[in-house]
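Trainee: First residue of the sequence shown? That's 2 in the numbering used here, and the numbers climb one at a time after it.
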Amino acid sequence: MDQALDNRLDSRTSRRTLVLFTTTLVLAVLASPLFAIYELFIGALGLVATGLVARLRDGTGTMTATVVFAGVLAGSLPYLAAAPFVS
């Protein structure tokens with residue numbers, strides 16, 4: 002019974018994480034033409050910072066921050082990859 006409850010909670014958490022990542026990714030892609038370089042730096046520095054914080058204090062807040070910063074970083078990558086071919 003406990004294992005079934007754990008699997009259901011894990012599924013709910015991963016679904017929430019996926020929705021949060023997708024939402025952040027879409028918002029970052031929409032904002033990236035103007036802020037691609039800033040998003041790259043904010044996403045990278047945020048991932049490093051949340052990684053360091055997660056070593057000290059693990060919880061839902063650090064997981065949420067990690068997912069948000071990963072979405073911001075991933076949202077800037079398509080524009081940075083296409084930049085050499087556009088100009």
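For every residue, glycine included, the Cβ atom is placed at its ideal position computed from N, Cα and C.
1) Please state whether the Cβ-Cβ distance between Gly72 and Gly44 is less than 9 angstroms.
2) What would DSSP say about Asp11, mapped onto helix, strand or coil?
3) How about Val54 and Thr25: do their beta carbons lie closer than 9 angstroms?
4) Taking the beta carbon of Ala84 as the centre, do at least 16 other beta carbons fall within 10 Å, making it buried, or is it exposed?
5) Taking C-beta to C-beta, are Pro79 and Ser12 nearer than 9 angstroms?
6) Using CA coordinates, which residue listed in Phe70, Ser15 and Thr14 is at the minimum distance from Val27?
Mentor: Based on what the coordinates show:
1) Against a cut-off of 9 angstroms, the Cβ pair of Gly44 and Gly72 comes out as a contact.
2) Three-state DSSP puts Asp11 in a helix.
3) At a Cβ-Cβ threshold of 9 angstroms, Val54 and Thr25 do not count as neighbours.
4) Exposed, by the Cβ-count rule.
5) Contact annotation: Pro79 and Ser12 have beta-carbon atoms that are not nearer than 9 angstroms.
6) That would be Phe70, whose Cα lies nearest to the Cα of Val27.
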